[in-house]
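Protein chains in written order, with the UniProt record's numbering: chain A, 1 to 356; chain B, 1 to 356. Worksheet for the structure shown next.
Protein chains: 2
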Amino acid sequence: MRAGPRRQPRSPEPAGPARPAAEGLSIAGVARQAGVSVATVSRVLNAHENVRPATRDKVLAAIDASGYRVNELARNLRTAESRLLLTMVPDFGNPFYAEIVRGIDSVARQHGYFMLLCDTGADAGRERSYFDLLRRRRADGAICLDPATIQQALGEASSALPWVACCEFEPSMGVPYVGIDNYRAAGDAVRHLLARGHRRIALINSDIDYLYARQRQQGYLDALTEAGITPLEGWRMNLNSLDYEAGASAAAVLMEPPHPKNATPTAIFAVSDTLATGVLHGLRSIGKRVPDDVAVVGFDDISIASQVDPPLTTIAQPMRELGETAARLLLQRLANPLASVPGVLLPHRLVIRGST
Amino acid sequence: MRAGPRRQPRSPEPAGPARPAAEGLSIAGVARQAGVSVATVSRVLNAHENVRPATRDKVLAAIDASGYRVNELARNLRTAESRLLLTMVPDFGNPFYAEIVRGIDSVARQHGYFMLLCDTGADAGRERSYFDLLRRRRADGAICLDPATIQQALGEASSALPWVACCEFEPSMGVPYVGIDNYRAAGDAVRHLLARGHRRIALINSDIDYLYARQRQQGYLDALTEAGITPLEGWRMNLNSLDYEAGASAAAVLMEPPHPKNATPTAIFAVSDTLATGVLHGLRSIGKRVPDDVAVVGFDDISIASQVDPPLTTIAQPMRELGETAARLLLQRLANPLASVPGVLLPHRLVIRGST
DNA sequence: CTGAAAGCGCTAACAA
DNA sequence: TTGTTAGCGCTTTCAG
């Protein structure tokens, strides 16, 4: 991975007379002004104990007077860390990921790290190139929310790199992860619909590259089977987008005639609230009422879920905690690269609203 | 601004025998393996012209064989740039900002920069501390989407720093900016309502700290006045949140009795689609039908706007372009710090849907 | 076309 | 408690 040409750095100063201050000032300048050595300035800067208060004050005064700011570029090289955490998401426009990212950000920040957010579009190539940021030391660690299939391909080449998986993971990969029990969650959604008397339940799923999509599908299938229902193929759709529009058109397609006699679904389980919100819109546009004609269950409990009409019954994921936990796992791994790598499953919750 | 204590860097290697390769490898190692000097390796790395093809191939081979990756920490120090662009948003969970951020990100990436995303919560203190990242050389430039009032306070102390304003700006500040004509846009929204026969039009506004809030309010007031209508105080609300819930409860309050006789609004103009979406929900919960009882106009045209029931009439902002333009202005400013600083206004557009 | 060498600004031994 | 000094890994004159 070679880098392209880069901009010219600041041209080497014409060695003019000392600047008015504040600009391009280095630790050496502060040391001079304070009448101490650079080591002492560095000690003050890093809050080391062994500096006489009087000396410290002198240094602090010089810093204030000069408007000096530490050059983190130099510090980073010296300490061999970037203090940046890389977060790779398939799509940060999606409110679900946005909330997780906030969780990551808040923990990272608390620990003196900043977050480098990268939208991969769930593309293996882009993810691979972002992953390379770790090797190039641009980031100290990474959190990946991309499909488990991508992670797996990458993981083989990068298992030694400091990263953790969030939401999407492959337990056998030996990479620390945090997520929820998608299988059970999907089962819970379906059993709720079953309890409401539905027997013809459709599944609007996302791309099967996602671990969650596979697990939720299995949960859906097994829950139906356990209830003595044979899930029809025609009840299932796989979408390669989580956009509202995708959900809307999927709903329309799903409710269209060409189902065997008496096989038109009376309920739809969509694997994300964005999809489910689109489904609501799609059903409305073909004149179906929710929940009277068709019941709808979503997934995630993003904030819009309670605002749509009718409000969505959904499976709530602890998004914020997912992000926070991922960040903590990563921080742990950075602090102790050899420690064992836990996998964490957080609880989900069925939230019943008007759409069922 | 002093830094707190930091983690220990990797302990100084026990100077063991050369590593198996790939790990902690530097340019010197590659040079040795290729039988050339570090300067030559650097030239190859940076695609300089003056390297004999044969030499280049040798170097490339050594790089491939060793799995070497450039250490950007070192490169950054040497070139005195971080190749990071700082983006400060009041709330990146808001879909409006999310879309702008995508625009910034795509342009930044195209030019070899990465984006450091910081959520300021529209807090002056946090913004100030993020701003300091520029001085500490953690970022080469910044794009600020925070309220213009905050920017102004900051701008005075930081006008020399390379940053641009997006959406929120203060033309007199001399900082490059991009935004829309909020005054006209709000007028357009109100005039649309007027044309539909409404005369009692309410305004659900956000915190008046925002330039856009002040401008839209003025546009609203003037449009009413020009139509011969005296805007009532009771028709206006200022919220300190753009959340759906905030919009929902504001709508309920607004439609409550204590209006002078015949002064209850028949239309609501909300300054953001998130608010307007909440308004829809709030109206529904008090039994008002949209648009029959009350018409609603939003602002932004985020993707949810077309999905709610009824779909929102709204003022579309070119969010993606706003972000892209902001990034380009910043890049321009970085390339030529002394060039003049343009202010750019992008066009808005009234999108008429079912809510009016 | 290639190499030797001088730092970028900082931290951390090691000495004093 | 403080100072001296040796790099971190890279880019870039300047010589050859």
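Don't be surprised by glycine CBs; every beta carbon is placed ideally from N, CA and C.
Residues bridged to residue i (per DSSP)
i: B:Tyr177; result: B:Ala165 and B:Gly343
i: A:Tyr202; result: Contrary to the premise, residue 202 of chain A reads as Ala rather than Tyr in this sequence. Paired residues: A:Ile268.
i: B:Met115; result: B:Leu85
i: A:Ala295; result: A:Ala267
i: A:Gly141; result: A:Leu85
i: A:Ile315; result: A:Phe299 and A:Leu350
i: A:Met237; result: A:Ile204
CA nearest to the CA of residue i, picked from the options
i: A:Gln152; options: A:Ala39, A:Leu211 and A:Arg184; result: A:Leu211
i: A:Tyr113; options: A:Val175, A:Ile104, A:Leu345 and A:Gly174; result: A:Ile104
i: B:Asn238; options: B:Arg214, B:Glu256, B:Gly343 and B:Leu224; result: B:Arg214
i: A:Gly29; options: A:Val51, A:His48, A:Asn46 and A:Ser66; result: A:Ser66
i: B:Leu345; options: B:Ala157, B:Ala122 and B:Gln317; result: B:Gln317
i: B:Asp292; options: B:Thr266, B:Ile304 and B:Ile302; result: B:Thr266
i: B:Asp273; options: A:Asn262, A:Thr314, A:Gln307 and A:Leu329; result: A:Gln307
i: B:Ala148; options: B:Glu168, B:Ala202 and B:Arg137; result: B:Glu168
i: A:Thr225; options: A:Gly234, A:Ser206, A:Ile208 and A:Leu194; result: A:Leu194
i: B:Asp301; options: B:Arg52, B:Asn94, B:Ala34 and B:Arg78; result: B:Asn94
i: A:Leu154; options: A:Ile286, A:Tyr130 and A:Lys288; result: A:Tyr130
i: B:Phe299; options: B:Ala189, B:Ala160 and B:Arg138; result: B:Ala189
i: residue 358 of chain A; options: A:Asn262, A:Tyr177, A:Pro231 and A:Ser172; result: Only positions 1 to 356 of chain A appear in the structure, and residue 358 of chain A is not among them; the question remains open.
i: B:Gly287; options: B:Leu242, B:Ala185 and B:Met255; result: B:Met255
i: A:Ala202; options: A:Ala185, A:Val175, A:Ala263 and A:Tyr183; result: A:Ala263
i: A:Leu350; options: A:Asn50, A:Ala185 and A:Met115; result: A:Ala185
i: B:Asn243; options: B:Pro257, B:Phe96 and B:Ile180; result: Checking the sequence, you will find Asp at residue 243 of chain B rather than Asn. Per the Cα distances, B:Phe96.
i: B:Cys144; options: B:Arg284, B:Pro257 and B:Val175; result: B:Val175
i: A:Ala31; options: A:Ala62, A:Glu49, A:His48 and A:Asn50; result: A:Ala62
i: residue 434 of chain A; options: A:Asp207, A:Arg284, A:Ile229 and A:Leu221; result: With chain A running from 1 to 356 in the structure shown, residue 434 of chain A is simply not present.
i: A:Asn76; options: A:Asp64, A:Asp123 and A:Arg137; result: A:Arg137
i: B:Ser158; options: B:Leu116, B:Ala142 and B:Arg102; result: B:Ala142
Buried versus exposed, by CB contacts within 10 Å (16 or more), residue i
i: B:Glu81; result: buried
i: A:Ala21; result: A caution first: A:Ala21 carries a pLDDT of 36, below 50, which makes its placement in the model unreliable, though a value can still be read off. It is exposed - the Cβ of A:Ala21 has fewer than 16 other Cβ atoms within 10 Å.
i: B:Gln110; result: exposed
i: A:His348; result: buried
i: A:His281; result: buried
i: residue 367 of chain A; result: In the structure as shown, chain A begins at 1 and stops at 356. Residue 367 of chain A is therefore absent and cannot be evaluated.
i: A:Pro5; result: For A:Pro5, the pLDDT reaches just 35, beneath the cut-off of 50, and the residue's location in the model is therefore unreliable, leaving the point undetermined.
i: A:Arg10; result: Low confidence applies here, because A:Arg10 scores a pLDDT of 33, under 50, leaving its location unreliable and the question unanswered by this model.
i: B:Arg52; result: exposed
i: B:Arg78; result: exposed
i: B:Glu156; result: exposed
i: A:Gly125; result: exposed
i: B:Val253; result: exposed
i: B:Pro231; result: buried
i: A:Asp146; result: buried
i: B:Ala339; result: exposed
i: A:Gly187; result: buried
i: B:Gly228; result: exposed
Beta-carbon proximity list for residue i, same chain, < 8 Å, skipping 5 on both sides
i: A:Asn336; result: none
i: B:Leu107; result: According to the sequence as given, residue 107 of chain B is Val; it is not Leu. The residues are Gly323, Glu324, Ala327, Arg328 and Leu331.
i: A:Pro171; result: Tyr177 and Gly343
Residues near residue i by beta carbon distance below 7 Å, same chain, minus five either side
i: A:Ser42; result: Ile27
i: B:Leu45; result: Val70
i: A:Asp119; result: Val89, Asp91 and Phe92
i: B:Arg128; result: Leu154
i: A:Thr55; result: Val36 and Thr40
Inter-residue CB distance, residue i and residue j (contact presumed, cutoff 8 Å)
i: A:Val294; j: A:Pro310; result: Not really, about 11 Å apart at Cβ, beyond 8 Å.
i: A:Leu334; j: A:Asp140; result: 6 Å
i: B:Val59; j: B:Val36; result: 6 Å
i: B:Arg191; j: B:Ala223; result: 6 Å
i: B:Leu134; j: B:Leu84; result: Not quite, the Cβ-Cβ distance comes to about 10 Å (not below 8 Å), so this is no contact.
i: B:Gln217; j: B:Asn205; result: 6 Å
i: A:Ile315; j: A:Thr277; result: Contact flag wrong, Cβ pair sits at about 15 Å.
Spatial neighbours of residue i in its chain, beta-carbon cut-off 6 Å, leaving aside the 5 residues before and after
i: B:Val279; result: Gly247, Ala251, Ile268, Ala270 and Val296
i: A:Ile100; result: Met319, Leu322 and Gly323
i: A:Ser355; result: Val290, Pro291, Val296, Pro310, Leu312 and Thr313
i: A:Asp181; result: Leu345
i: B:Arg284; result: none
i: B:Leu161; result: Leu134
i: B:Tyr220; result: Ala186, Val190 and Leu203
i: A:Met173; result: Gly155
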